[in-house]
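J.: In my numbering, the protein residues as written are 43 to 254.
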């Protein structure tokens, strides 16, 4: 019987392409999105559930996109909607770097720590019969393109984030992957991944999972 991965994240897990017009909704097809490619590469041993929401933060209500973007709420919903799972991947933090949240890199990591605390709680570990966690730090924001104003100052924060995430993962006893060592955000909007990035990330995550 195949094991199950729950891929939890934001627009880059959802499959949003680099934006040229912020008012236009778009999504890559399943043949491009990294969670789908991950599942295909790990068949028949693993299957992947995609749980990506554009604008999702690690732990904060968004004043523009809505309170349901708070990753704490979404994680509880995902863990109670699906299961049992064997592995949870979390890739969040990009939206937390938006200027209006006023967070530093360690503040973003603190939000991620809250998600790990939820996922590692007795409630959810017991519900799923125990599962492992892979924390994925997203690549740095580039601060360019049509949504750059939202991410003013985000580059420095997100460049510093992998170190905090690695230490957090070690402290919480979960697995870690620095996506920025394998892919980069698209120069089109400085945040989202192009198809080559999705493929490279899927390959990197697959290799990490095979070595768990």
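From the three backbone atoms N, C-alpha and C, an ideal C-beta is built for every residue, glycine too.
Computed from a prediction, not measured in an experiment: that's the story for all the values here.
Ordered along the chain, which non-local residues of its own chain (more than five positions away) have a Cβ less than 7 angstroms from that of residue 44?
T.: Working through the chain shown from its first residue, we reach residue 44 at position 2. So the list reads 86, 87, 88 and 89, once near-sequence residues are dropped.
J.: Using the Cα positions of residue 216 and residue 177, report the straight-line distance between them to the nearest angstrom.
T.: Along the chain shown, read from residue 1 onward, the residue named residue 216 stands at position 174. Along the chain shown, read from residue 1 onward, the residue named residue 177 stands at position 135. Approximately 7 angstroms, taken between the alpha carbons.
J.: Roughly how many whole angstroms lie between the Cα atoms of residue 61 and residue 188?
T.: Locating residue 61 in the chain shown gives position 19, counting from the first residue. Locating residue 188 in the chain shown gives position 146, counting from the first residue. The alpha-carbon atoms of residue 61 and residue 188 are separated by roughly 7 angstroms.
J.: In angstroms with no decimal places, state the Cα-to-Cα distance between residue 181 and residue 136.
T.: Numbered from 1 along the chain shown, position 139 holds the residue referred to as residue 181. Numbered from 1 along the chain shown, position 94 holds the residue referred to as residue 136. Cα-Cα distance, rounded: 8 angstroms.
J.: Go ahead and label residue 122 buried or exposed: buried means 16 or more other beta carbons lie within 10 angstroms of its beta carbon, across all protein chains shown.
T.: On the chain shown, residue 122 is found 80 positions in, with the first residue counted as 1. The residue in question, residue 122, is exposed, as its Cβ has fewer than 16 Cβ neighbours within 10 Å.
J.: Measuring CB to CB, does residue 150 end up less than 8 angstroms from residue 203?
T.: As a working note, residue 150 is residue 108 in the chain shown. As a working note, residue 203 is residue 161 in the chain shown. Yes, they are a contact pair.
J.: Using the Cα positions of residue 130 and residue 92, report the straight-line distance between them to the nearest angstrom.
T.: Within the chain shown, numbered from 1, the residue matching residue 130 stands at position 88. Within the chain shown, numbered from 1, the residue matching residue 92 stands at position 50. So the two alpha carbons sit approximately 11 angstroms from each other.
J.: Starting from residue 50, follow the beta strand (DSSP E) in both directions and report where the run begins and ends.
T.: Residue numbering aside, residue 50 sits at position 8 when the chain shown is read from its first letter. Here the beta strand (DSSP E) through residue 50 covers 45 to 51.
J.: Can you name the start and end residues of the beta strand (DSSP E) that residue 220 belongs to?
T.: On the chain shown, position 178 is the one that residue 220 refers to. Here the beta strand (DSSP E) through residue 220 covers 217 to 220.
J.: Where does residue 177 sit, in a helix, a strand or coil, going by DSSP?
T.: Taking the first residue of the chain shown as position 1, residue 177 is located at position 135. The answer is strand: DSSP assigns residue 177 an E or B state.
J.: Report the option in 94, 172, 128 and 139 whose CA atom is closest to the CA atom of residue 233.
T.: In the chain shown, counting from the first residue as 1, residue 233 sits at position 191. Ranking 94, 172, 128 and 139 by Cα distance to residue 233 puts 139 first.
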